[in-house]
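> Numbering (my numbering), first residue to last: 328 to 795.
Each residue gets a CB set at the ideal place from its N, CA and C atoms; glycine is no exception.
(1) Nearest by alpha-carbon distance to residue 415: which of 541, 430, 346 and 426 is it?
(2) Within 10 angstroms of the Cβ of residue 328, are there 16 or more other Cβ atoms? Answer buried if so, exposed if not.
(3) Am I right that residue 614 and residue 697 are in contact with their C-beta atoms under 8 Å? What's the rounded C-beta distance?
(4) Classify residue 773: buried if its beta carbon has 16 or more other beta carbons within 10 angstroms, exposed otherwise.
(5) If you draw a straight line from the C-alpha of residue 512 to the C-alpha of residue 462, how long is it?
(6) Apart from the five residues just before and just after residue 609, which ones in its own chain have a Cβ nearer than 6 Å to its Cβ?
(7) Using three-state DSSP, classify residue 663 as helix, strand or coil.
(8) DSSP three-state label for residue 329, please.
(9) Taking the beta carbon of residue 350 as the centre, do at least 16 other beta carbons fall within 10 Å, making it buried, or is it exposed?
(10) Closest by CA to residue 618, which one among 465, 498, 484 and 680?
(11) Identify the continuous alpha helix (DSSP H) that holds residue 775 and give its terminal residues.
(12) Report yes if the CB atom of residue 632 is closer than 8 Å to the CB atom of residue 716, and no otherwise.
(13) If I measure Cβ to Cβ from residue 707 and keep anything under 8 Å in the same chain, skipping five residues before and after, which residues do I get?
(14) Candidates 537, 369, 470 and 459: which alpha carbon is nearest residue 484's?
(15) Please report the straight-line C-alpha distance between residue 750 and residue 731, rounded to a whole angstrom.
(16) What is the DSSP secondary structure of residue 410, counted as helix, strand or coil?
(17) Which first and last residues belong to the alpha helix (DSSP H) in which residue 678 is found?
(18) Assuming residue 644 contacts residue 420 under a Cβ cut-off of 8 Å, what Cβ separation, rounded to an integer in Å, is found between them?
(19) Assign residue 483 to one of three DSSP states: helix, strand, or coil.
(20) Between the Cα of residue 658 and the Cα atoms of 647, 360, 549 and 346, which residue gives the shortest distance?
(21) My assumption, with CB atoms under 8 Å, is that residue 520 sits in contact with residue 541. Please give the rounded CB distance.
(22) Ordered along the chain, which non-local residues of its own chain (more than five positions away) have a Cβ less than 8 Å from that of residue 641?
(23) Which residues mark the beginning and the end of the alpha helix (DSSP H) in which residue 563 is found?
(24) Residue ranges of each alpha helix (DSSP H) run of no fewer than 4 residues wholly in the segment 530 to 605, ordered along the chain?
(25) Reducing DSSP to helix, strand and coil, say where residue 517 ends up.
(26) Rounded to whole angstroms, how far is the Cβ of residue 666 from the Cβ of residue 636, which I believe are closer than 8 Å?
(27) Using beta-carbon positions only, say whether residue 510 and residue 622 come within less than 8 Å of one another.
(28) In the DSSP assignment, find the unbroken alpha helix (DSSP H) run with residue 629 in it and report its ends.
(29) Which residues in the same chain as residue 663 place their Cβ atom closer than 8 Å to its Cβ, once the five residues preceding and following it in sequence are excluded?
(30) Across the segment 494 to 502 and the segment 448 to 463, are there enough close Cβ pairs to call them in contact, namely three or more that are closer than 8 Å?
(31) At a cut of 8 Å, does the segment 455 to 475 reach the segment 429 to 446 through at least three beta carbon pairs?
(32) In whole angstroms, give me the CA-to-CA distance for residue 482 and residue 781.
(33) With 16 other CB atoms within 10 Å as the buried threshold, where does residue 673 fall?
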């Protein structure tokens, strides 16, 4: 009986893992990416519920306060998410070379790093909420609500980081399903609490923020519970938690550039938000509504990037360069197909989808403009997202980050401060998104090609020469 129990436990543990080093790739990448895509979509769907609930049951000022905070929140969170990418790559590399002790050390280091980072961001968020909102010229009729929402959200930052680092640990071995189950449960919890706090207790933006914190806390507890019950070497031992300097250095070497890249996007988007806010709270509300559909589409690209990072992380460490190249092309194809399907769906019924968030015709008008200039061309972003993800899986995280700094942040800042003041038009302002995507895509694709060629030459030089 005991032998049967042990066998069944091993079978269930392996069912949550994917062998990334052997066999056909397309099906495995799809199995990995689909739960991740569904997770991201559901997460954004529940975030969209925050926006929709306040938009329909509060006011367009509340809609603007919740929706327009997105770029600011992403700016602060991006560094921590980037660090979790570093954890993902380092653990995947250790799996690729079957370094069990390295897996344990990197897991312990990752969780300590996540908790510490979350606490720091919680404190920092309280201090910078008002200055950041003033920096982006938040409309006066939105300011107080936006500050309240942002400060409450930052109180839950440690829960956000614990969940993301825990998910990164599970994802490194191919387990994307169980984080999805957690997200489904917590998403419905968040939605139910939103409706209760806003409709029943009339708490407006404070209600949706508190609901989000509660849902994030539950998700953090559940992912830690999974890790406590994992099989070795992925099992979390609370008493062994600590920081291994070598693993921390590897995580930071990959994670900090990835985080900086995310923050660069955040900085440029915050600057663009300032220009969007100059058109008034109605334009800000319309832009916030349209942004939801861009995020849904981006998540389809992003899940393919996460698959590329993890699959290449294992195969590159194991020396399987041919599989790395196949991963690159498969993930690009999936990204284009998935993002294209979402774009066509949202664009074909743009007024209907925007009306979910507001019945104000002016808000919808601004939302439609943003969808035409940004969403319709968002598939281009896959060119640098997938290529950059592949480079990070190969251990080159600084290069795509530097190229993205130039292609997005610097270019967009020049656009906002040097070009837009001479052409104060909402559509013209937003056209910098596809322009920056094209330029950044060309640079990062070129960088991937160069790094891959060098890796192939290095691998060929290490091969033993045949005897003459």
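On the basis of the supplied data:
(1) 430
(2) With a pLDDT of 39 at residue 328, under the threshold of 50, the modelled position of that residue is not reliable, and the figure given next carries that caveat. When all chains shown are included, residue 328 counts as exposed.
(3) 5 Å
(4) exposed
(5) 37 Å
(6) 689 and 690
(7) helix
(8) Here residue 329 scores only 40 on pLDDT, less than 50, and its place in the model should not be relied on; the value that follows carries that caveat. DSSP places residue 329 in helix when its eight states are reduced to three.
(9) exposed
(10) 680
(11) 759 to 789
(12) yes
(13) 761, 764, 765 and 768
(14) 537
(15) 26 Å
(16) helix
(17) 677 to 682
(18) 4 Å
(19) coil
(20) 360
(21) 6 Å
(22) 347, 348, 419, 420, 422 and 423
(23) No alpha helix (DSSP H) holds residue 563; DSSP gives it neither H nor E.
(24) 531 to 555 and 572 to 604
(25) helix
(26) About 18 Å; that fails the 8 Å criterion.
(27) no
(28) 608 to 644
(29) 706 and 709
(30) no
(31) no
(32) 46 Å
(33) buried
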